[in-house]
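Asker: If you're matching positions, the sequence shown starts at 1 in this note's numbering and goes up one per residue. The C-beta atom is built at its ideal place from N, Cα and C for all residues, glycine as well. Please read all numbers here as calculations on a predicted model, not as lab measurements.
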Amino acid sequence: MPRESVVVTGEWAAARLDEPGTVFVETGNSDADYRKGHVPGAVWIGWDEFQDGVRLGVIDRGAFERLLSAKGIGNDDTVILYSLNSNMLAALTLWYFRLYGHRSVKLIDGGREKWQRDGLPLTAEETVRAATAYRAATPDPSIRATRDDVLAAIGTKNLIDVRTPDEYAGRIFAPGFAGEAFTPGNSPHDVAQRAGHMPGAVNLGWEAVLDEDGAFKAGPELARIYGDLDPGRGSITYCWVGARSAHSWFVLSELLDWPDVRNYDGSWGEYGSLMGVPVVRGDAPQ
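1) If I follow the unbroken beta strand (DSSP E) through A174, where does it start and stop?
2) Once DSSP output is grouped into helix, strand and coil, what is the label at I160?
3) So, using beta-carbon positions, are V251 and L222 closer together than 8 Å?
4) Taking G62 as part of the alpha helix (DSSP H), name the residues at either end of that continuous run.
5) Whose C-beta lies closer than 8 Å to the C-beta of A124 among residues of the same chain, with five residues either side of it excluded?
6) For F177 and E270, what's the separation of their Cα atoms in angstroms?
7) Let's test the definition: count the other Cβ atoms within 10 Å of the Cβ of M275 and tell me whether it reaches 16, buried, or not, exposed.
8) Please report the straight-line C-alpha distance between V162 and Y100, rounded to a whole angstrom.
9) Measure the beta-carbon distance from R281 to G196 and round it to whole angstroms, keeping in mind my assumption that it falls under 8 Å.
10) Could you check if L94 is buried or exposed, using at least 16 other CB atoms within 10 Å of its CB as the buried criterion?
11) Would the stretch 63–80 and the stretch 232–246 be scored as touching if the rule is three or more Cβ pairs under 8 Å?
12) Counting only runs that start and end within the stretch 78–147, where is the alpha helix (DSSP H) found for 4 or more residues in a row?
13) Span of the beta strand (DSSP E) holding I236?
14) Identify which residue in K106, A90, A70 and R171 has its Cα closest to the Cα of R135.
15) Please state whether DSSP places E44 in a helix, a strand or coil.
16) Between S142 and G110, which are expected to be in contact by the criterion C-beta below 8 Å, what is the C-beta distance as a whole number of angstroms?
17) Quick check: the Cα distance between V150 and W206, rounded to an integer number of angstroms?
18) Helix, strand or coil: which one does DSSP assign to G272?
19) Does the stretch 44–63 come close enough to the stretch 26–35 to have 3 or more Cβ pairs within less than 8 Å?
20) Mind reading off the beta-carbon distance from L67 to E49? Whole number of angstroms is fine, and I expect it under 8 Å.
21) In the DSSP output, which residue or residues are listed as bridge partners for R262?
22) Could you spell out where the beta strand (DSSP E) holding G28 opens and where it closes?
23) What I want to know is whether the C-beta of G110 ends up closer than 7 Å to one or more non-hydrogen atoms of the ligand ADP.
24) Would you kindly work out how many angstroms separate the C-alpha atoms of P2 and K106, rounded to a whole number?
25) What three-state label does DSSP hand V277 in the structure shown?
26) Excluding five sequence neighbours on each side, which residues of the same chain lie with their C-beta closer than 7 Å to the C-beta of M88?
27) Using 8 Å as the threshold, is the C-beta distance between I225 and Y264 below it?
28) Give a yes or no on whether the C-beta atoms belonging to V120 and G10 are separated by under 8 Å.
29) According to the Cβ coordinates, are E65 and L84 closer than 8 Å?
30) Within the same chain, show all residues whose beta-carbon is closer than 7 Å to that of A90, passing over the 5 residues directly before and after it, in chain order.
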């Protein structure tokens, strides 16, 4: 699809702050920066609000409907998302919107950091939107990989591990977690029992698609990054908990128009604790 249909510049977005039918959403781990100053009219939806803390993973259809209704988002609204860390969690949020059938949703290129560096407006004024009656579609299985999909894809599809080389090789579990194993806690970040990667998975870090300012690289440069892979095989992206991999899913599916791209939102947090599944350690795919 055309790049401008899913990624917009800060200047484009700033010119549409008061446009009817447009809703700006900031997301992330903490609303501390949002409370100090956010895009005028933007509502806050924390990453954890999309997570089911009991089942783990994305909230169900009814909870998604209640969340968006409470935030004042309607089915016909164009949703414009942004976050810190070059839109990592904004891309995950876009994936959630796609999963539940919301078609008109875009990212502000470069995220919050670039918006601020470019001197675009921020306000600490509270955003209050009237509640809506949002209706979500049935979750779209074509963009989501389950553990069974991943196991079936080994040796047949592109498995794209977007974590750091040390995570991929099994030298660490995740940034901040080292060692052979650790005791999991209540956080979905703390669930893997062993480190490593899936057999045949290639390691292509999620941030490789970004320019120095955090914006997405041009189309030909993006294509070169993935030039050794065959799009026709179908692809599954994964990381630790599905956030970085959603960013890579966005690039492959939305910017490069690859067919059959799925994000494994269970990612290594789930796969690394499954009994009996194949795990590889070291810097080589196999």
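Answerer: In this structure, then:
1) Segment I172 to A174, the beta strand (DSSP E) holding A174.
2) DSSP places I160 in strand when its eight states are reduced to three.
3) L222 sits close to V251, with the two beta carbons spaced by under 8 Å.
4) Unbroken alpha helix (DSSP H) run through G62: R61 to A70.
5) Around A124, the same chain offers R35, K36, G37 and H38 as residues with beta carbons nearer than 8 Å, after the five sequence neighbours per side are excluded.
6) Since pLDDT at F177 reaches only 49, below the 50 mark, its modelled position is unreliable, and no value is offered.
7) So M275 ends up on the exposed side.
8) In this structure, the straight-line span from the alpha carbon of V162 to that of Y100 is close to 24 Å.
9) Contact flag correct, Cβ pair sits at about 4 Å.
10) Buried, because 16 or more other Cβ atoms sit within 10 Å of the Cβ of L94.
11) Cβ pair count under 8 Å is below three, so no.
12) Fully contained in the stretch 78–147 are the following alpha helix (DSSP H) runs of length 4 or more, in chain order: 84–99 and 111–117.
13) From DSSP, the beta strand (DSSP E) with I236 extends over S235 to Y238.
14) When each option's Cα is compared against that of R135, the closest is A70.
15) In the sequence on display, residue 44 carries Trp and not Glu. Three-state result, W44: strand.
16) Not confirmed; about 29 Å, so no contact.
17) Rounded to the nearest angstrom, the two C-alpha atoms are 19 Å apart.
18) Coil.
19) Touching, yes.
20) 6 Å between Cβ atoms; contact.
21) DSSP lists I236 as partners of R262.
22) Element bounds for G28: T22 to G28.
23) Annotation note on the ligand ADP: not contained in the displayed structure, which lists no ligands.
24) Whole-angstrom Cα-Cα distance: 12 Å.
25) Of the three classes helix, strand and coil, the one that applies to V277 here is coil, per DSSP.
26) These residues qualify, in order along the chain: A243, R244 and H247.
27) The answer is no: Cβ separation not under 8 Å.
28) A small fix is needed here, since residue 120 is Leu in this sequence, not Val. Cβ atoms of L120 and G10: closer than 8 Å.
29) No, they are not a contact pair.
30) T27, L81, Y82, S83, L107 and G111.
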